Amino acid sequence: MKLIISHDQQIVELQQTNKLEVSQMQKSATEKQIELTQRVLVLENERDLLKFERDLLKEENQRLIEDKKLQNTSLGYQKLLDEVESLRTVLELKSSEMQDLRKQNEKLQREGDDLPAILQKLEAAQSRVEDLNVQLQRKSEIEIQLSQEKDQMAREINLEKQKKKRLSCYNSGCTCFNTL
């Protein structure tokens with residue numbers, strides 16, 4: 001009987017532990033998905049801002065190039081060349097930043113794509129635990145049945161022994177009945 005109670009307690013503890021772990025994993029997965037979604041939105045906004053700044057820089061660069069053509073003075077020409085070079089440097093830096101943001105965006109997208117597979121594994125693990133719980137329940141029921149059958153067989157064996165002893169006593173001459 002202790003074995004059955006202990007076994008049932010273990011099943012309940014395993015179920016509680018499993019529920020807690022599943023709940024924690026689901027919460028973690030949901031938080032990770034929200035975080036990734038937010039990071040993707042931030043990166044997309046930054047990308048759009050950088051594109052806008054790049055377009056402005058291109059327009060400014062084009063304007064400066066056109067202004068340079070109009071001015072023939074060497075001082076103005078040198079100023080424009082310096083400004084164009086500065087704008088080129090800024091444009092290269094912004095392009096580099098944009099490239100880095102694209103890489104980060106791709107990485108976050110891959111992480112987001114992995115999330116459904118993790119959730120699917122979690123569901124498979126839950127199904128496996130439920131299946132094992134059903135098997136444990138069946139095992140407990142079989143153990144109880146076998147214990148009851150064993151007790152019944154022990155009673156039947158004792159009855160048979162008593163019958164055999166009486167028969168033996170009867171055959172040897174009724175002196176045994178007084179001792180029973």
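According to the UniProt record's numbering, numbering within the sequence shown proceeds without interruption in unit steps and concludes at 180.
Where is the CB? At the ideal position from N, CA and C, for every residue including glycine.
Small disclaimer: the values here were computed from a predicted structure and weren't measured.
Residue state for Gly173 is assigned as coil, using DSSP reduced to three classes. The residues Leu43, Glu46, Arg47 and Leu50, in chain order, have a CB closer than 8 Å to that of Leu101 in the same chain once the five nearest residues on each side in sequence are set aside. Contact between Gln33 and Leu136 is ruled out by a C-beta separation of about 34 Å, above the 8 Å threshold. In this structure the stretch 115-133 lies against the stretch 14-30, because at least three pairs of beta carbons, one per stretch, are closer than 8 Å. For the set Lys69, Glu111, Lys58 and Ile118, the Cα lying nearest the Cα of Leu91 is the one of Lys58. The C-alpha of Ser96 lies about 23 Å from the C-alpha of Arg63. Around the C-beta of Leu36, 16 or more other C-beta atoms lie within 10 Å, and the residue is accordingly described as buried. A distance below 9 Å separates the beta carbons of Gly112 and Val40. Within the model, the alpha-carbon separation for Glu66 versus Arg88 is close to 15 Å.
Annotation: Leu108 to Leu93 spans about 23 Å, alpha carbon to alpha carbon.
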